[in-house]
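Take a look at the structure below.
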Amino acid sequence: MCIRDSGESRKVTDGGSIISTVSWSPDGGLLAYAGRVPPDPVAIGYGNTDIWVIPPEGGVARNLTSGFDRTVGAYMSSILWSSDSGKVYFRASDHGTTHIYRVTVHDGDVKPVTEGQITVSSFSSCEDGSLLALCASDALHPNEVWVCDEGGTRRLTDVHGETMASWAFSPPEEFWFTASDDVKVQGWIVKPIGYREGEKHPLILEIHGGPHGAYGFKLGSAEHEFQMLARNGYVVVYTNPRDSVGYGEEFAGIVEGSWGGRDYQDLMEAVDYVIENYDCVDAERLGVAGGSFGGFMTNWCVTHTKRFKAAVTMRSVASWYSQVALSDVGWGRIG
Numbered sequence: 383m384c385i386r387d388s389g390e391s392r393k394v395t396d397g398g399s400i401i402s403t404v405s406w407s408p409d410g411g412l413l414a415y416a417g418r419v420p421p422d423p424v425a426i427g428y429g430n431t432d433i434w435v436i437p438p439e440g441g442v443a444r445n446l447t448s449g450f451d452r453t454v455g456a457y458m459s460s461i462l463w464s465s466d467s468g469k470v471y472f473r474a475s476d477h478g479t480t481h482i483y484r485v486t487v488h489d490g491d492v493k494p495v496t497e498g499q500i501t502v503s504s505f506s507s508c509e510d511g512s513l514l515a516l517c518a519s520d521a522l523h524p525n526e527v528w529v530c531d532e533g534g535t536r537r538l539t540d541v542h543g544e545t546m547a548s549w550a551f552s553p554p555e556e557f558w559f560t561a562s563d564d565v566k567v568q569g570w571i572v573k574p575i576g577y578r579e580g581e582k583h584p585l586i587l588e589i590h591g592g593p594h595g596a597y598g599f600k601l602g603s604a605e606h607e608f609q610m611l612a613r614n615g616y617v618v619v620y621t622n623p624r625d626s627v628g629y630g631e632e633f634a635g636i637v638e639g640s641w642g643g644r645d646y647q648d649l650m651e652a653v654d655y656v657i658e659n660y661d662c663v664d665a666e667r668l669g670v671a672g673g674s675f676g677g678f679m680t681n682w683c684v685t686h687t688k689r690f691k692a693a694v695t696m697r698s699v700a701s702w703y704s705q706v707a708l709s710d711v712g713w714g715r716i717g
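Everything in the sequence shown is counted per this note's numbering, starting at 383 for the first residue and increasing by one.
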């Protein structure tokens, strides 16, 4: 990281960190950034992204969130200082939600700020920090404006209300199952719109990208796809297998360098769990779909099991050679 002073740039950090967002404290005494120090600059592996602070003149950076076992601002990180320069606000994923947290600069104490089953995509604050404005979604509403103050977290606008009222919708049902290695894995099921008890329907397993991403309590483009499938008579299952964020560093990093291992087992065990516990599924008509890493895993599924009758792979990795040679992220994704 460099800053420009009197027309000249000078280096502040040592260059060993991956840095995504930088914010200057109001009193000018510190720079905060979201980042991490990979153990290997070539095969960077996975690790939690943290909030760090460093004086603008350089020196030793201090990790404020080392004791907070979540990755900060996964995808589009946001950093906001309090007006007194004593706290830093940031986003982090947790069990299918994305919330705002704050960490105190002097002791690294992390506290949640927002609450509920929501996904916060961006936020801002009034000058004294008493009111936060959020762009957020939940499982039943696309992004709307929410606010958070001493009265709690609540949705303020209903921009999509008229559209949603006219749209046939199948609310997702959350479930957890215990994987074969005794780790809890979270998932959701969407039943066909108009489903009647006793009916059997084909199931589609949807796999998210990343792999360090996560499904959750939101209604975005992926969830719109799930609803379109539900409208056409399909059961949709989506989960956060190993390598997903929001469950700690060990959970997200367990299959780095071995895609198709424990993550694949989690996905297959999720399908087994749903077939056993939901009588709406026709176990003889299973499909699988996914994009990016989900596309890779779709390719993996159909070459490692014959249980799926159909598959749709989107923007996937189909060859490691072309991934490394042609992709701008291939060098960092191969473990």
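Ideal Cβ placement from N, Cα and C applies to all residues, glycine included.
Keep in mind that this is a model prediction, so the values were computed, not measured.
Helix, strand or coil at residue i according to DSSP, with G and I counted as helix
{"i": "F551", "result": "coil"}
{"i": "I500", "result": "coil"}
{"i": "S626", "result": "coil"}
{"i": "E509", "result": "coil"}
{"i": "S704", "result": "helix"}
{"i": "G635", "result": "helix"}
{"i": "L516", "result": "strand"}
{"i": "G717", "result": "The predicted model places G717 with a pLDDT of 39, which falls under 50 and marks its position as unreliable, so this point remains unresolved."}
{"i": "L587", "result": "strand"}
{"i": "G576", "result": "coil"}
{"i": "A692", "result": "strand"}
{"i": "R697", "result": "coil"}
{"i": "D645", "result": "helix"}
{"i": "L611", "result": "helix"}
{"i": "P676", "result": "The sequence as given places Gly at residue 676; Pro does not occur at that position. Helix, per DSSP."}
{"i": "A652", "result": "helix"}
{"i": "T687", "result": "coil"}
Counted within 10 angstroms of its Cβ, other Cβ atoms place residue i as buried (16 or more) or exposed
{"i": "T695", "result": "buried"}
{"i": "N525", "result": "buried"}
{"i": "S545", "result": "For clarity, residue 545 is Thr in the given sequence; the question names Ser instead. Under this definition T545 is an exposed residue."}
{"i": "V617", "result": "buried"}
{"i": "N430", "result": "buried"}
{"i": "T447", "result": "buried"}
{"i": "E605", "result": "buried"}
{"i": "N622", "result": "buried"}
{"i": "V527", "result": "exposed"}
Closest residue to residue i among the options (Cα-Cα distance)
{"i": "V470", "options": "V653, E666 and F505", "result": "F505"}
{"i": "K393", "options": "S405, E555, F450 and E439", "result": "E439"}
{"i": "V565", "options": "Y629, G411 and G672", "result": "Y629"}
{"i": "F690", "options": "R697, M679 and V699", "result": "M679"}
{"i": "S503", "options": "P494, A515 and K493", "result": "A515"}
{"i": "G490", "options": "H594, C517 and F450", "result": "F450"}
{"i": "V454", "options": "P423, T403, T486 and E497", "result": "T403"}
{"i": "I500", "options": "S512, D396, F608 and K600", "result": "K600"}
{"i": "V656", "options": "D648, D625, V619 and A634", "result": "V619"}
{"i": "T685", "options": "T486, Y646, S467 and E651", "result": "Y646"}
{"i": "E555", "options": "H542, G569, S475 and W549", "result": "G569"}
Close beta carbons around residue i, own chain, < 7 Å, minus the five adjacent residues each side
{"i": "D719", "result": "A question about residue 719 goes unanswered here, because the residues of the chain that appear run from 383 up to 717."}
{"i": "A547", "result": "none"}
{"i": "G398", "result": "V419"}
{"i": "Y660", "result": "I571"}
{"i": "E631", "result": "G429, N430 and D451"}
Contact set for residue i: own chain, Cβ-Cβ below 8 Å, skip 5 residues either direction
{"i": "R484", "result": "S464, K469, V470, Y471, F472, V492, K493 and V495"}
{"i": "I716", "result": "Residue placement at I716 cannot be trusted, given a pLDDT of 46 that sits under 50; what the coordinates show is reported in the next sentence. Excluding sequence neighbours, I716 sits near A425, G639, W702, Q705 and V706."}
{"i": "C728", "result": "The requested residue 728 does not occur in the structure, where the chain is confined to residues 383 to 717."}
{"i": "L462", "result": "S405, V470, Y471, F472, F505, S506 and S507"}
{"i": "P423", "result": "G398"}
{"i": "D531", "result": "S512, L513 and L514"}
Neighbourhood of residue i by C-beta, 6 Å cutoff - its chain only, sequence neighbours within 5 removed
{"i": "V670", "result": "L587, T680, C683, F690 and A693"}
> Where are the beta strand (DSSP E) runs, 3 residues long or more, that stay fully inside the stretch 453-478, in chain order?
Replying inline: 461-463 and 469-476
>> Threshold first: 4 residues or longer. Then list the alpha helix (DSSP H) segments lying entirely within the stretch 526-574, N to C.
In response: 543-547
> Fully enclosed by the stretch 392-458, which beta strand (DSSP E) runs are 3 residues long or longer?
Replying inline: 400-406, 413-418 and 432-436
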